[in-house]
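Chemist:
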Amino acid sequence: MLGGYLVREHNGITLVGRIVETEAYLQNDPACHASRGMTERTRVMFGQPGLGYIYFTYGMHHCFNIVTNDEGIGEAVLIRALEPIKGTEAMYAIREKAKRDTDLLSGPGKLCQAFSLTRSENGVDLIESDLIFLEQGKLTKSEAVDVTSRVGITVAVDKPWRFFIKGNPFVSKGRPSSKETAP
DNA sequence: GGGAAGATGTTCT
DNA sequence: GAACATCTTCCCT
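For the first sequence, the positions run 27 to 209 when my numbering is used.
(1) Alpha carbon to alpha carbon, what distance is there between A182 and D55?
(2) Tell me which same chain residues have a C-beta within less than 6 Å of the C-beta of G193, skipping the five on either side of it?
(3) Which first and last residues belong to the alpha helix (DSSP H) in which E124 is found?
(4) Only counting the same chain, and skipping five residues up and downstream in sequence, which positions put a Cβ closer than 6 Å to that of C138?
(5) Which same chain residues, not among the five before or five after V171, have their C-beta less than 8 Å away from its C-beta?
(6) Could you check which residue in W187, I179, S175 has the C-alpha nearest to that of Y84?
(7) For W187, which residues in the same chain have their Cβ closer than 7 Å to its Cβ, ignoring the five residues on either side in sequence?
(8) Count the other C-beta atoms from every protein chain shown that fall within 10 angstroms of the C-beta of V93, then say buried if there are 16 or more, exposed otherwise.
(9) The beta strand (DSSP E) that contains I120, what's its start and end?
(10) Please identify the residue among L152, L130, I153, K185 whose C-alpha is closest to the C-alpha of K199.
(11) With a threshold of 16 other CB atoms inside 10 Å of the CB of V197, please say whether the residue is buried or exposed.
(12) Please identify the residue among G30, I39, Y31 whose C-alpha is closest to the C-alpha of I120.
(13) Output needed for V70: all residues of its chain with C-beta closer than 7 Å, excluding positions within five of it in sequence on either side, in chain order.
(14) In chain order, what residues of the same chain lie with their CB nearer than 8 Å to the CB of K185, ignoring the 5 residues before and after it?
(15) Give a yes or no on whether the C-beta atoms belonging to T144 and G100 are separated by under 8 Å.
(16) Who are the Cβ neighbours of D127 in its own chain at under 7 Å, not counting the five residues just before and after it?
(17) Run the CB neighbour count on V173, radius 10 Å, all protein chains shown included, and call it buried at 16 or more, exposed below.
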């Protein structure tokens with residue numbers, strides 16, 4: 027999934043971002059919303075692969091996931107950061123706080139705001155939709171994938187399920203949540 | 001430049 | 001009523 031493109035048509039403007047950072051959430055993973063069974067909120071995660079699962083958290087932020095496993099299995103990949111490719115002017119207009127390109131999409135809450143993804147887009151079919159969909163892309167020769175533990179969680183912090191393009195400036199600044207104790 | 005805490009609403013116990 | 005897959009601001013170094 028890293029290196030692919032997320033395309034969003036909004037108000038007649040095309041926004042494109044390249045996926046540079048993701049996290050995996052599996053069903054038997056305590057940090058995954060679906061680990062405690064299906065609820066009203068996590069229903070989409072148990073749907074067919076290719077759906078977009080969007081939830082609201084911390085009172086002011088949305089997070090965008092892509093459902094990955096078969097129907098009946100609650101697993102998804104969180105999109106944590108995108109590299110702005112197209113429509114950056116519209117992103118700046120929405121995100122007034124952003125001063126540089128690296129401020130626009132470098133975090134799950136930021137990219138949802140810039141792409142205008144809210145709960146009303148929850149459950150969208152990324153394969154059928156003309157408004158939100160994915161395009162294929164791949165890593166260049168000089169790019170490498172790095173892996174760390176995940177960010178912003180309090181359980182299963184030792185699971186190395188955060189994937190990102192090594193050295194890419196648009197990866198979020200969040201540090202892995204595993205406790206790094208001095209040797 | 002970096003760490004700590006506040007903001008704020010939905011979901012689940 | 002507590003927790004939360006975060007972002008921003010404020011204050012310190």
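Built from N, CA and C at the ideal position, the CB exists for glycine as well.
Modeler: Let's see:
(1) Stepping through the first sequence from its first residue, residue 55 is reached at position 29. Stepping through the first sequence from its first residue, residue 182 is reached at position 156. Between the C-alpha atoms of D55 and A182 there is a straight-line separation of about 7 Å.
(2) Numbered from its first residue, the first sequence carries residue 193 at position 167. Excluding residues within five positions, none has a Cβ falling inside 6 Å.
(3) To locate residue 124, count along the first sequence from 1; it is residue 98. Reading off the sequence, residue 124 comes out as Ala, not Glu. Taken as a continuous stretch (DSSP letters only), A124 belongs to no alpha helix (DSSP H), as it is neither H nor E.
(4) One-based indexing of the first sequence puts residue 138 at position 112. The residues are H88, F90.
(5) Mapped onto the first sequence, residue 171 falls at position 145. Same-chain partners within the cutoff: L28, L165, F189, F190, I191, K192.
(6) What you label residue 84 is simply residue 58 of the first sequence in a count that begins at 1. Nearest C-alpha to Y84 among W187, I179, S175: I179.
(7) Indexing the first sequence from 1 puts residue 187 at position 161. The beta carbon of W187 sits closer than 7 Å to the beta carbons of E49, A50, R176 from its chain, once the five residues preceding and following it are set aside; these are given in chain order.
(8) As a position in the first sequence, residue 93 is number 67, starting the count at 1. V93 counts as buried, since at least 16 other C-beta atoms from the protein chains shown sit within 10 angstroms of its C-beta.
(9) Position 94 of the first sequence holds residue 120. Counting along the chain, I120 falls outside any beta strand (DSSP E), though it belongs to the alpha helix (DSSP H) covering 114 to 120.
(10) As a working note, residue 199 is residue 173 in the first sequence. Looking at the Cα atoms, L130 is the closest of the given residues.
(11) Here residue 197 corresponds to residue number 171 of the first sequence, with the count starting at 1. Here V197 is buried: its Cβ has 16 or more other Cβ atoms, across all protein chains shown, within 10 Å.
(12) Translated into positions along the first sequence, residue 120 becomes position 94. Nearest C-alpha to I120: I39.
(13) Here residue 70 refers to the residue found at position 44 of the first sequence. Cβ within range, chain order: L77, Y79, V93, N148, G149.
(14) Looking up residue 185 in the first sequence gives position 159. Cβ within range, chain order: D55, A57, S175, R176.
(15) By 1-based counting over the first sequence, the position of residue 144 is 118. By 1-based counting over the first sequence, the position of residue 100 is 74. No, the Cβ-Cβ distance between T144 and G100 is not below 8 Å.
(16) The count along the first sequence starts at 1 and reaches residue 127 at position 101. Leaving aside the five residues that flank D127 on each side, the residues in its chain whose CB is nearer than 7 Å to its CB run, in chain order, P110, T114.
(17) Here residue 173 refers to the residue found at position 147 when the first sequence is read from its first residue. Result: exposed.
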